[in-house]
Amino acid sequence: MMRRTLLAALLLMPLPASAADYFFYSGTYTDGSSKGIYAWRFHDADGSMAPLGLVAETPEPAHIWITPNGKYLYTVNWLQDGAVSAYAIDRHTGALKFLNKVSAHGADPNQVVVDPSGRVAVTVNYISGTIAAYKIGPDGKLSGAFYTEKHQGKPLSDKQPGPKQHGVEFSRDGRFMFVTDLGLDRVYSYRFDAAKPSIVPFDPPYVLTHAGAGPRRLQLSPNGRYLYVDHETDSEVQVFAVDGGQLKSLQTLSTIPPDFTGRNSTAEILVSADGRFVYVTNRGHDSIAIFAADPRTGLLRRIGNMPSGGKSPRNIRFGPNGDYLFAANQAGNNITEFKVDKASGHLTQTGVVLSIDQPGGMYFVGAE
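Here the sequence shown is numbered in numbering that gives the first Met the number 0, starting from 0 and rising by one per residue.
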């Protein structure tokens, strides 16, 4: 036991940090061998990773987010009595210090997102179809929820089972918030003010996707003019034009090749920093769909599918400078690293594979 304690201490000792060093965190699903949040030291110059091990033991940290100032990390606890937990980040060692835990005001919170100002955290709950928002204190602790809401709507079919909130996205200027409801086939718009703080639904509050689409996660283009939403149930991606908080559908297209006949569902969506490429994960086809985006019109063209390097890619995230993309293959028990060709959008697996049981959401922060 003394040797294990010494090894853990050595792993978290400060190491000389270069300008290209970062800490890379991954949440997990803890019904297997994983125990919580894990970390690595990442060197952006060559894509190498050095393991730091378990940095926070907590149940079902399925999705994580870090404040813009890099000081605090938040995770959902994906449980029937859902919660959101707060941690302070040691930027020298990568260690996490527990701060507090608050109720998610619902069951199975699946995403937590911090607004651009770093003053508010929002979580969405899948099973209960509820949303909760919290003030972030100067010490990083979360307040009690200042806003909660349950979307209203009756189940219509197996593909439309009723409220199932799944994704949150803020506009770059922090004035608007968008939320997907997978079980109602809706994308909601809100007026948002972090200073007050306040969240006010638009009138009308949402736009519809087609029946049974299952809108899951969403990402804005860098210029804020287009919103991209992946459809979990029918393996599609939809493009909306954005006018303030108003949304207008422009295009819907498949994330899988036309000759694929197996079962598939999408999970995560990412937009490149220049807005020229969109990436969507496919669970079943076990690939990352790559789309070229026209920055003028927002319209997409699928240019290929890259095998994710594992089973059921649930989450993807760019490296700090967009040179690398990481896929968390939940059922494959690994995280795979890809080099991003910023000119073509294509991905090339680097050979870096992190072994981790049921990885979930991922995030980077600069090391000091």
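Just so it is clear, CB atoms sit at the ideal spot from N, CA and C, and this is done for glycine as well.
Excluding five sequence neighbours on each side, which residues of the same chain lie with their C-beta closer than 6 Å to the C-beta of residue i?
i, result
"S127", "G105 and A106"
"D229", "R215, R216, V236, T265, I268 and V279"
"F317", "L324"
"A272", "G321"
"Q329", "S311, R313 and Q357"
"T29", "P58 and E59"
"F41", "Y21, F23 and M48"
Go to residue i, then tell me how far its beta strand (DSSP E) extends in each direction, as first and last residue.
i, result
"K341", "First-last for K341: undefined, no H or E at that position."
"G303", "L299 to P306"
"G243", "Here G243 belongs to no beta strand (DSSP E), and DSSP marks it neither H nor E."
"Q348", "L346 to S354"
"D273", "Where D273 is concerned, there is no enclosing beta strand (DSSP E), given that its DSSP letter is neither H nor E."
"H230", "Y225 to H230"
"Q164", "Q164 to F169"
"G148", "First, the residue type needs correcting, since residue 148 is Glu and not Gly in the sequence shown. Taken as a continuous stretch (DSSP letters only), the beta strand (DSSP E) holding E148 covers L141 to K149."
"P108", "P108 to V113"
"Y205", "S197 to L207"
"I63", "I63 to I65"
"D180", "F175 to D180"
"W77", "Note, W77: premise wrong, no beta strand (DSSP E); not H, not E."
"N68", "Taken as a continuous stretch (DSSP letters only), N68 belongs to no beta strand (DSSP E), as it is neither H nor E."
"H104", "Careful: H104 lies outside any beta strand (DSSP E) and carries neither H nor E."
"S47", "S47 to E56"
"I130", "T129 to I135"
"W30", "A quick correction: the sequence has Asp, not Trp, at residue 30. From DSSP, D30 is part of no beta strand (DSSP E); its letter is neither H nor E."
"L155", "Looking at the DSSP string, L155 is not in any beta strand (DSSP E), and its letter there is neither H nor E."
"H42", "G35 to H42"
"T122", "V119 to N124"
I'd like to know whether the C-beta atoms of residue i and residue j end up nearer to each other than 9 Å.
i, j, result
"F22", "A366", "yes"
"V238", "A193", "no"
"A85", "V101", "yes"
"K344", "F259", "Contrary to the premise, residue 344 reads as Gly rather than Lys in this sequence. No, these two residues do not count as a Cβ contact at 9 Å."
"L219", "V270", "yes"
"I355", "S33", "yes"
"S25", "G359", "yes"
"L353", "W39", "yes"
"F363", "I36", "no"
"G283", "G308", "no"
"F177", "L226", "yes"
"G173", "P221", "no"
"N263", "T254", "yes"
Counting only the same chain and skipping the five closest in sequence on each side, list residues whose C-beta sits under 8 Å from that of residue i.
i, result
"G136", "S142"
"L155", "A210"
"H165", "N109, Q110, V123, Y125, T179, D180, L181, P214, R215, R216 and E231"
"Q197", "Contrary to the premise, residue 197 reads as Ser rather than Gln in this sequence. Only Y146, R190 and F191 meet the Cβ criterion."
"G161", "G128, G152, K153, P154, G182 and L183"
Got a sec? Which residues, its chain only, sit under 7 Å from residue i by beta carbon, not counting five neighbours each side?
i, result
"A103", "V75, G81, A82, V83, T122, N124 and A131"
"G223", "S170, R171 and V241"
"N68", "G117"
"K70", "A87, I88 and G139"
"T129", "H104, G105, T147, E148, K149 and Q164"
"L249", "V238, F239, A240, G297 and L298"
"N158", "It should be noted that the sequence gives Lys, not Asn, for residue 158. Closer than 7 Å at Cβ, skipping near neighbours: G211, G213 and T232."
"S234", "S253, T254, I255, N263, S264, T265 and N281"
How should residue i be labelled, buried or exposed, when 16 other C-beta atoms within 10 angstroms of its C-beta is the threshold for buried?
i, result
"I302", "exposed"
"M1", "Note on M1: pLDDT 42, under 50, position unreliable in the model; no value is reported."
"P256", "exposed"
"H62", "buried"
"D285", "buried"
"T296", "exposed"
"L10", "Residue placement at L10 is flagged as unreliable, the pLDDT there being 45, under the threshold of 50; a coordinate-derived value is accordingly withheld."
"D293", "exposed"
"A44", "exposed"
"A210", "exposed"
"K163", "buried"
"A49", "exposed"
"G244", "buried"
"D340", "exposed"
"G261", "exposed"
"G93", "buried"
"L72", "buried"
"D184", "buried"
"G274", "buried"
"A342", "exposed"
"Q79", "exposed"
Contact the region 90 to 109 vs the region 53 to 61: 3+ CB pairs below 8 Å: yes
Practice task
Decide if the region 179 to 189 is in contact with the region 199 to 213; the criterion is three or more beta carbon pairs, one per stretch, under 8 Å apart.
Solution key: yes
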